[in-house]
Structures are given as structure tokens and as C-alpha cells.
Ligand code: NAI
Ligand code: ISE
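Residue numbers (the numbering used here): 28 to 365.
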């Protein structure tokens, strides 16, 4: 029998994950859904022809006997409560980023999971499953470019909605770089600083866009990360690691090249939904396979969620002070090592 999954939050990424679990992946089945907007939950059951019950709230879904695992795809501030309730009920959890909106919230989850003595929580940091980032990591680990010295990266979106605020450039957007980069170079962040270049006229008045975040690691690597969320031209993720003997660069998205009427062109993606499709598939398949094979999960951990939250807090503080701000992580528990 497949892992019986209950979904909390049937919005954009909730639907994407429901679709992949139902139609592409193996070993999982959506049996329950809930959303504060009950109509959205009903709609998704209908649209994807799910054999799933609609629950009035997260608690009743989590505690339902038919639910083995919970997919948390609601808004960020709601995640902590769902994750804590789920692991207390000994249900596996796949939680979209952020694990919790505060470092203390992530720590509460970490402590609860450690008390239970096994890994219940996987955080949706899907870039670790992307073949481009995996190739970069292999090259770095195999010393292909010698010692890494610097990383330059960019996270660009076409445009933002009205509710998108300056701090969301960190907590919603840069958070993916925060997670994937320390994993890539096996290093920890030491300090962060934020710079504001000339503002684009395409951003709303309340939003500072673009931004440059500079992160320094304990090993002395300097990272420059550009976040430009109203860049107009496409959804573009760039990463280049500069080492002592050479550089490694994230591959461009494979798209056909068209030569026509005196032009040579390759389309650029316009939406985040299409960029990491394979990685989303792989992270969720890993979640299902790990539950089947090991009885615990194995992807990005609650501790990774904590690292991201502490680093994001330091970046948000740096946005406000303009100063270099320290990243102060607690010592990694043995439970999350290895
Ligand atoms: P959305 O706004 O499209 O959907 C969220 C849904 O959750 C809505 O239907 C809302 O009614 C529901 N909801 C909110 N609070 C709830 C609660 N307490 N209980 C039940 N339902 C609740 O948002 P979207 O874009 O799907 O994002 C959801 C989460 O996924 C966010 O945390 C976001 O950061 C993350 N995300 C991750 C991505 C990735 O690449 N890994 C991409 C997009 C979003
Ligand atoms: C969105 O919330 C995501 O998580 C996407 O992966 C990211 O690239 C985008 O910038 C965010 O808004």
C-alpha cells in the first residue's frame, strides 16, 4: 500500500505536489486535504479526481487514522503549528519552506523530533535534488576546481505581486540560495551584509529591488547573491563557483535553439513552476521511498530549516542596519550529523 498523504494548503504548490504524487510518482496517494479556503480544497479534489476526504482543519486531518504522512503547503506562518501537531501524532511530514518563520519555531520542531528519536520531517529545499546543483557539488567535492574561493549567484523573477515586501526577498526568495549554498560547499555562514543597487522603476514603491546579499562563510568563502524579483525578462537562476584552479557553473536550462530569420534564440523560462520540476519530483519520490524503505525520512532536515531561518533573520537585520551582521547558529546536534 502507498503512503497515505493528507495535504494542508491546496494553493499553487499544493496543487503541483498533489498532481505529481497522483500522476507521476509511485508509492503515495492523496487521501485527505484541507485548506482554510474550503472551496479551494473541494476544487482540487474535483480537478484531480482524488479519492480524498476534505477535512475542516489541520488538526482533524493530521489525527485522521487514514493519514500516514502530511504535506504542508500552506502559508509560511502556518507551517510550525502543522509540523508540530503532525510529529506529535507520529506522522511523517514534508513541509514546504519555510519550516517555521522564526529560528525559535524551527528549534521547537528540532527538539520535538529529537525527543521522538527518529527523522519525521523533510523540508522542501528541492534544489539539493536538482541535477545541475548535484553536478556542481560533485565537482567541488572531487576538487575539480581546487579550493572554492567565491560564489556569484542570481535569483531573478519576472515580477512580484503587490503583497511581496522587501524582507520577502530574503525569507521567500533568497532562502533557496541560503540552503543550497552551504550544502554545496560544506561550510557554515559567518556573517551577512545587504546592499541596495539603483532601484528598478519596475518595482512597486514599497519594495527595494534589486538587492545584493553578501554572505561570508567560516572558511572565508565570499558569496554574492543578487535577488532581482522584477527583472521582467524571465525566471533565471544562476550560480558560479570560483575556485583556485577554475570555475564551475550551473547549467543553463536545456531548451532548443531556434535559428530563424537572421536570429539565433533560446527561450528563457518565465515561471518558477517550470525550473525545478525534476527536483520537485525527486524530493517527493525520495520522501515516499525513504518512508517505505527505512521507516524514516532522509531529505533536507529540520536542522537545515533552522540554519535557513537563523541566516534569513541575520539577512533581514542586515537589510535594516546596512551593517555586516553575524550568523549565530547553535551547535549541530549529533542527531542531525552524518
Ligand atoms: P498559495 O497562497 O498559492 O497557497 C497556500 C494555500 O494555503 C492557500 O490555498 C491558503 O488558503 C492555504 N492556507 C493558508 N493557511 C492555511 C492553514 N492554516 N491551514 C490550511 N490552509 C491554509 O501559496 P503557495 O505559492 O502555494 O505557497 C505555499 C508555500 O509553499 C509557501 O510557504 C511558499 O513559500 C512555498 N513555496 C515553495 C516553492 C518552492 O519552490 N519550493 C514555490 C512556491 C511556494
Ligand atoms: C517562490 O516562493 C519559490 O519558492 C520559488 O522557488 C522561488 O524561486 C520564488 O522566487 C519564490 O517566490
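Each residue gets a CB set at the ideal place from its N, CA and C atoms; glycine is no exception.
Note that this is a predicted model, so its numbers are computed, not measured.
Residue i - DSSP class collapsed to helix/strand/coil
{"i": "residue 62", "result": "coil"}
{"i": "residue 255", "result": "strand"}
{"i": "residue 44", "result": "helix"}
{"i": "residue 104", "result": "helix"}
{"i": "residue 263", "result": "strand"}
{"i": "residue 195", "result": "helix"}
{"i": "residue 284", "result": "strand"}
{"i": "residue 70", "result": "helix"}
{"i": "residue 182", "result": "strand"}
{"i": "residue 82", "result": "coil"}
{"i": "residue 114", "result": "helix"}
{"i": "residue 31", "result": "strand"}
{"i": "residue 218", "result": "strand"}
{"i": "residue 161", "result": "helix"}
{"i": "residue 119", "result": "strand"}
Segment limits, alpha helix (DSSP H) that includes residue i
{"i": "residue 89", "result": "85-90"}
{"i": "residue 139", "result": "130-143"}
{"i": "residue 338", "result": "329-348"}
Rounded straight-line distance, which links the Cα of residue j to that of residue i
{"i": "residue 305", "j": "residue 38", "result": "20 Å"}
{"i": "residue 128", "j": "residue 289", "result": "50 Å"}
{"i": "residue 36", "j": "residue 103", "result": "11 Å"}
{"i": "residue 344", "j": "residue 221", "result": "9 Å"}
{"i": "residue 150", "j": "residue 121", "result": "6 Å"}
{"i": "residue 291", "j": "residue 282", "result": "12 Å"}
{"i": "residue 294", "j": "residue 88", "result": "42 Å"}
{"i": "residue 261", "j": "residue 198", "result": "21 Å"}
{"i": "residue 317", "j": "residue 269", "result": "34 Å"}
{"i": "residue 138", "j": "residue 286", "result": "57 Å"}
{"i": "residue 331", "j": "residue 212", "result": "14 Å"}
{"i": "residue 94", "j": "residue 118", "result": "8 Å"}
{"i": "residue 375", "j": "residue 71", "result": "The question about residue 375 has no answer here: the residues shown for the chain are numbered 28 through 365."}
{"i": "residue 248", "j": "residue 116", "result": "42 Å"}
{"i": "residue 219", "j": "residue 66", "result": "42 Å"}
{"i": "residue 76", "j": "residue 48", "result": "13 Å"}
{"i": "residue 168", "j": "residue 210", "result": "11 Å"}
{"i": "residue 296", "j": "residue 353", "result": "35 Å"}
{"i": "residue 113", "j": "residue 97", "result": "7 Å"}
{"i": "residue 336", "j": "residue 124", "result": "10 Å"}
{"i": "residue 141", "j": "residue 357", "result": "15 Å"}
Unbroken beta strand (DSSP E) run spanning residue i, endpoints
{"i": "residue 395", "result": "The displayed coordinates of the chain run from 28 to 365. Any statement about residue 395 would go beyond what the structure contains."}
{"i": "residue 239", "result": "238-244"}
{"i": "residue 361", "result": "Taken as a continuous stretch (DSSP letters only), residue 361 belongs to no beta strand (DSSP E), as it is neither H nor E."}
{"i": "residue 211", "result": "Run containing residue 211: none in the beta strand (DSSP E); it sits in the alpha helix (DSSP H), 202-212."}
{"i": "residue 96", "result": "96-99"}
{"i": "residue 223", "result": "Residue 223 -> no beta strand (DSSP E), and no H or E assigned at all."}
{"i": "residue 149", "result": "148-150"}
Quiz prompt | Any alpha helix (DSSP H) of 4 or more consecutive residues that is wholly inside the segment 268-319 | solution = You should have 299-302.
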